[in-house]
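The structure appears below as structure tokens.
In our numbering, the protein residues as written are 242 to 523.
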């Protein structure tokens, strides 16, 4: 079996299969740490790849972990430590020489009630161009840009932390939107009382259970006015996602482009380049 060493060789495209976590919409990917197999959540919304401390100590009993200070907006708030493994494979791609974070995942909520093996984040996913298709359950590393994709979306480089943040427009105002395959929901930011609490039919908003890498959370969602999601293009103009009518949420720091939408659109990530392609209707 051929291994592609990501740190040295970038010529080949490599398809890595994904699977859906039982009971929710999270995408899982088979990896290995120094030859020990593990299954991680494929999470474009996580800034750093983070492995479970129990798994690491079982796989590498003499593992040397380093105290680190890192910046980010997702899974780095719990002060993980760094590990420099001899080998860290995602499918056949060996990200040799790249550090991964280690964290006691007992401190993290569990999306399906099980102890997590870890999270594959953008520090690894974003090392090379990636074509992600949740509909085909596949991620293609070092992917060439296929035909049919949109022009590049406007990339929000403020407070850049390695994650894919684009710009959407809601009510004539721009919002930062995180591309997050680890979130079950797509939603935009809004507060009740400014014209987005009720739908055109007069229905009140509801509380909905969102499933993501941060576990099950109740989020207050309002249906809004039924507008299709509008994404800003890098060179000006808009990309309208017809039929994607995200609810409003008032408690999160930015909007989310989640797995519900990413099943309808393939996404090409070559940061800061982000493009979408509508899936053909079946």
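Glycine included, C-beta positions come from ideal geometry on N, C-alpha and C.
| Item | Value |
| --- | --- |
| Going by Cα to Cα distance, which pick from 372, 388, 421 and 491 is closest to residue 381? | 372 |
| Taking residue 369 as the reference, which of 278, 335 and 410 has the closest Cα? | 335 |
| On the CB-based measure, 16 or more other CB atoms within 10 Å of its CB, does residue 517 come out buried or exposed? | buried |
| Between the Cα of residue 361 and the Cα atoms of 417, 277, 407 and 272, which residue gives the shortest distance? | 272 |
| State buried or exposed for residue 481, treating a residue as buried only when at least 16 other CB atoms are found within 10 Å of its CB. | exposed |
| Tell me the DSSP bridge mates of residue 511? | 514 |
| Please report the distance separating the alpha-carbon of residue 477 from that of residue 411. | 16 angstroms |
| Compute the beta-carbon to beta-carbon distance between residue 428 and residue 488, rounded to the nearest angstrom, for a pair I have assumed lies under 8 angstroms. | 5 angstroms |
| Should residue 420 go down as buried or exposed, given a rule of 16 or more other Cβ atoms within 10 Å for buried? | buried |
| Could you tell me if residue 507 is buried or exposed, where buried requires 16 or more neighbouring beta carbons within 10 angstroms of its beta carbon? | buried |
| What is the C-beta distance between residue 283 and residue 425, in whole angstroms, given that I count them as a contact (C-beta under 8 angstroms)? | Going by Cβ atoms, the distance from residue 283 to residue 425 rounds to 14 angstroms, so no, they are not a contact pair. |
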